[in-house]
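Residue numbers (the numbering used here): 975 to 1646.
All residues carry an ideal CB built from backbone N, CA and C; glycine is no exception.
Read through the structure below, which is laid out as structure tokens, and then see the notes.
In structure tokens form, the structure reads like this:
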């Protein structure tokens, strides 16, 4: 009997080992992030070096720039940004350039009066992305002018060809995100509905290139439905971009998701064994052989769906891996050229030569989209663990003596109804010890019992001062050591609810080099005041209120090289887009000027809702770390968040560099 058990156990171990090897092999087919980064750079360097002059703003050039901006988002290579910036400047931040609205058209046309034709509007995607980097209004002025004029017309038939859904749908969601104008989303759905009515096949869940290719009016060479791969590639990529920016609350979001998932299934089922898609998706014999642009768009769309939880990884990653193998071993040439791109056209053409020398700007753009999303996918596989067990939010990190300390909100209750605070300590910023409860609202306060949120700590006069939100008031506690316990010295709030505009929450105290201490607080508006020397009182009449662009909550201030940095969280903490931005000033009271490159902390891939942060400097070093929360992985939301720490760096001008939420923190010890 024992021998039988041992033999069965041995077989099970072998099977488990085999399965693990298969999973590992499948996960690593793309190589490492370093490998993918090398491919992105090789492809983009080749294209930019062989095409140094900016082209016009028509669709094929502009499609490349949508891929180039994704490559920039991954690499932060300023050469890539400048390449798109120079192109946009050369085109005056316009598409078609006519200013006479009476002559604006939206049928096919390559002249400057076809302002309303989507092939002249795709450039707005890149202009908007560039605007987000420095908020120069000239970059989006034409986009807003054109699209708002278009929306003012009664016409619905603007998107009459499949390509147009990639060209313009993302423009609508991007502009809505910038302006808050809901008409962009209303018209998006109106125009999308028209497109569906003329070229969507509900049985196959795919799009004909346009109405003249609808079956049975048009058939492939073998009498089948003829779905052009690049055309459907445009659509699934466009839907991915739309869903990326579309609010969760949009009433038509589920419809876009349904279309996206349906297309993904049809794309999966029509892939060739070699990993590519033929130009006529359901009739490979019509125009046989590999084609890169459609394959790259499909790869991007499927990867985006996997990375954002819409597509099952186990089901779709084998499809992606086969496609990636084709893209990187057959389409990609050693010098960085991307081959096997079908030339400009609108259908699969029997007998048309497409070989390793066939390349084009839009095909390179599609390749860069796919490669950038593959990089994000590999990032998702290596997301760092939270630094604290369980769910904790709003972490305040500090360094006292030879230890680091974290003071978080205890999370995990609907409505954030926690009633106590804890403290955690670490000698290396990686491994944390729970120091226990340091303040219990129900036991230690007479004026609040719940909603214990967003604490902060400061030290002065040999004491430690603990500031916190309780029942939407701000309180203060005092202790002799950073681990408390903290006592309420006032018997009442330091800042009572409704004392100023907005909610009285999220306190933070900054102590300057001269010992002056400043209290920052508020949701909806930011308030700042100099504290009295006792650290537990201030002159209410001296409170200064202001609201930086995008400010919602979670103010945090620090000083570096005589410059004061004010950071805050944007959007609502329940919003996956929750993120951190900053401004600088020459005084702790401001005025603060928002930096051109924002946000500096935001979620990426499976990391959602990254925000409500704090910053710590390693004493006596120019080494900085940012603590923040994100939605718990997996299954998190605005009530189930976990605490993370990432390195934070600056460029030579003092600007904060974007935080990499996938970078793992290594141990660091104070004084070593």
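In its chain, beyond the 5 residues on either side, 1043 have a beta carbon closer than 6 Å to the beta carbon of residue 1103.
Of all C-beta pairs linking the stretch 1601-1618 to the stretch 1327-1345, fewer than three are shorter than 8 Å, placing the two stretches out of contact. The beta-bridge partner set that DSSP reports for residue 1371 consists of 1380. Pairing residue 1150 with residue 1105, the inter-Cα distance amounts to about 14 Å. For residue 1243, the three-state secondary structure derived from DSSP is helix. The criterion of a C-beta distance shorter than 8 Å is not satisfied by residue 1504 and residue 1495. Separation of residue 1547 and residue 1293 (C-alpha to C-alpha, rounded to the nearest whole angstrom) is 35 Å. A contact is defined here as three or more CB-CB pairs under 8 Å, and the stretch 1621-1631 fails this definition with respect to the stretch 1369-1389. Judged by DSSP secondary structure, residue 1303 falls outside any beta strand (DSSP E); it is assigned neither H nor E. If you check the CB distance, residue 1389 and residue 1614 do not come in under 8 Å. Judged by DSSP in its simplified three-state form, residue 1443 adopts strand. Counting only the Cα atoms, residue 1091 lies some 26 Å from residue 1221.
A straight-line Cα-Cα distance of about 16 Å links residue 1062 and residue 1145. The stretch 1229-1242 makes no contact with the stretch 1307-1323, as fewer than three CB pairs between them are under 8 Å. Secondary structure at residue 1046: helix, using DSSP grouped into helix, strand and coil.
In terms of Cα proximity to residue 1431, the closest of 1131, 1449, 1132 is 1449.
Annotation: residue 1518 to residue 1593 spans about 30 Å, alpha carbon to alpha carbon. For residue 1380 against residue 1601, the beta-carbon gap comes to about 7 Å, under 8 Å, which counts as contact.
Taking one beta carbon from each stretch, the stretch 1331-1339 and the stretch 1033-1051 have 3 or more pairs nearer than 8 Å; the two touch.
Your pair residue 1314 and residue 1254 does not check out as a contact, with CB atoms roughly 15 Å apart and the cut at 8 Å. Residue 1615: member of the beta strand (DSSP E) spanning 1615-1622, first to last residue.
Taking the CA atoms as reference points, residue 1470 sits about 5 Å from residue 1447. Per DSSP, the unbroken alpha helix (DSSP H) holding residue 1016 starts and ends at 1007-1024. For residue 1270, the number of other beta carbons within 10 angstroms of its own is at least 16, and it is reported as buried. For residue 1603, the enclosing beta strand (DSSP E) stretches over residues 1598-1605. For residue 1055, there is no enclosing beta strand (DSSP E); the enclosing alpha helix (DSSP H) has its first and last residue at 1052-1064. Residue environment: residue 1008 is assigned as exposed (fewer than 16 neighbouring CB atoms within 10 Å of its CB, all protein chains considered). Here DSSP, grouped into helix, strand and coil, assigns residue 1084 to coil.
The criterion of a C-beta distance shorter than 8 Å is not satisfied by residue 1433 and residue 1530. According to the DSSP assignment, residue 1429 belongs to the beta strand (DSSP E) that extends over 1426-1434.
By the criterion of at least three beta-carbon pairs nearer than 8 Å, the stretch 1346-1363 is not in contact with the stretch 1413-1429.
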